Amino acid sequence: MLTVMTCENIMKILTGVLVMNEMIKMLDEKVWAVVGATDNKEKFGYKIFKFLQNHGCKVYPVNPGVTEIDGDKCYANLKNLPEKPGAVNVVVPPKIGQQIMHDCAEIGIKNVWLQPGADGEFVIATAKQLGLAVIHHACIMVELRKKGGVL
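Residue 11 in the UniProt record's numbering sits at position 11 of the sequence shown, and the numbers go up by one each step.
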């Protein structure tokens, strides 16, 4: 049986391939910032911060309400980081995430990973309008495990 591919179906497939390519490139980044990192070991901001460290990444925690996480200095915002990370993982509510997208664009950070819960549609739209590569509706810990990451 022959299946006829519509332009819409072809575009969905191509979009999926492009997103997968962006995800693979982003997962190879070695310097990350985690916006919403916390010293509360029960929260995903802490779990993602530690997971990326255990995966061999250099990780900068970003949270204006925290000074240190397990001996690592926590930065109030992305503009205060000592170097520009290759990617930013966002673990904050969408109302905060929208400003983070503008901060990333201003600093020149091109890769953003919005964790589930941080990936409001208006945040995604803002990221795209600003020309950022954005991954959303996916957990970085799950995707790194699929790729063969440790822990």
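No residue lacks a Cβ here, since even glycine has one placed at the ideal position from N, Cα and C.
Bear in mind that the values here come from a model prediction, so they are computed numbers and not experimental data.
Query - Identity of the residues DSSP links to Tyr75 by a beta bridge - result: Counting from 1 along the sequence shown, the entry for residue 75 is found at position 75. BP columns for Tyr75 point to Val62.
Query raised in the report: Would a check of beta-carbon distances place Tyr46 closer than 8 Å to chain B?
Result: In the structure shown, chain B does not exist; there is a single protein chain.
Query - Same chain, Cβ closer than 6 Å to His136, five either side skipped, listed in chain order - result: The count along the sequence shown starts at 1 and reaches residue 136 at position 136. Apart from sequence neighbours up to five positions away, the residues of its chain that approach His136 with a beta-carbon distance below 6 Å are Leu114, Asp119 and Ile124, ordered along the chain.
Query raised in the report: Taking the DSSP output, what are the residues bridged to residue 152?
Result: Residue 152 lies beyond the range of the chain shown here (1 to 151); nothing can be said about it.
Query raised in the report: Relative to the alpha-carbon of Val59, which residue among Ile24, Met26, Lys30 and Lys25 has its alpha-carbon at the smallest distance?
Result: Position 59 of the sequence shown, counting from 1, holds the residue named residue 59. That would be Lys30, whose Cα lies nearest to the Cα of Val59.
**Report entry** Ile24 to Glu83 span [Cα, whole Å]
**Finding:** Here residue 24 refers to the residue found at position 24 of the sequence shown. Here residue 83 refers to the residue found at position 83 of the sequence shown. Cα to Cα, Ile24 sits roughly 22 Å from Glu83.
Query - Segment contact, 8 Å Cβ cut-off, at least three pairs: the region 90-97 with the region 64-76 - result: no
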